[in-house]
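Read the structure below first, then the notes.
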Amino acid sequence: MKPSPDRGRISVGMNRALAVVILGLVIAICVAVVLQVVRYRSLRDDLAAARHDLEEQKILHPLYLDIVQVLSNAPPVDRTHAVETPLARSEIVGVPDRFAKAATASGLMLGSVNPRVGEGRGGGRELHVDVKVSGPYARLKSFLQTVADWPCFVRIQQIEVLQEREPEEFRLAVRLALD
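Structure (structure tokens):
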């Protein structure tokens with residue numbers, strides 16, 4: 092008895108079924124690879140952001156230590172009477188000049204000063220001033236101390252390092268008391 096010539100051959104229906112299964116596997120593998128690439132890029136971006144934040148903290152940490160040192164050596168401040176003389180509304184127009192003089196005296200360059208009247212924490216009126224300065228990091232401390240010594244000074248709301256290379260750029264949100 093002779094073996095049949097179709098023995099060992101796969102039928103056309105089986106060939107199609109096998110092709111569909113292989114094609115499905117290839118598509119599933121491609122989808123899995125694309126999802127992994129997207130996840131990898133997302134993690135890489137998160138890591139880059141974390142590294143940037145860490146570098147910013149490395150720059151701000153010495154300033155924070157300096158401020159803590161100054162405050163720990165200073166006599167306790169009665170916060171209810173910290174503001175000696177609030178600004179009169181007529182003095183608002185002179186605020187950019189005050190910041191310009193403080194920046195120049197500290198060896199920094201003033202980029203911009205944007206004052207706007209707002210509400211303070213205690214419900215009183217405050218002048219919210221957004222300031223951009225640039226220059227060496229070491230001179231920022233002198234600028235901050237000059238501003239903090241103003242009789243109308245309330246607080247520094249925020250300090251942000253915009254550029255970490257020379258000349259460094261800083262953005263400050265300063266609060267001044269208003270009448």
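Reading the sequence shown from the start, the letters are residues 92 to 270 in this note's numbering.
Each residue gets a CB set at the ideal place from its N, CA and C atoms; glycine is no exception.
- Segment contact: the region 235-253 against the region 130-141, fewer than three CB-CB distances shorter than 8 Å; contact not assigned.
- For Pro187, same chain residues with a beta-carbon under 6 Å away, outside a window of 5 residues either side, are Val204 in chain order.
- Boundaries of the alpha helix (DSSP H) harbouring Asp157: 103-164, taken from the DSSP string.
- With contacts defined by Cβ atoms closer than 8 Å, Ser233 and Ser197 form a contacting pair.
- As summarised for the region 215-254, the continuous alpha helix (DSSP H) elements at least 4 residues long and confined to that stretch are 231-239, given in chain order.
- Within a 10 Å sphere around the beta-carbon of Glu257 sit fewer than 16 other beta-carbons, which makes this residue exposed.
- In terms of Cβ geometry, Ser225 and Leu263 do not form a close pair [threshold 8 Å].
- For Gly185, the three-state secondary structure derived from DSSP is helix.
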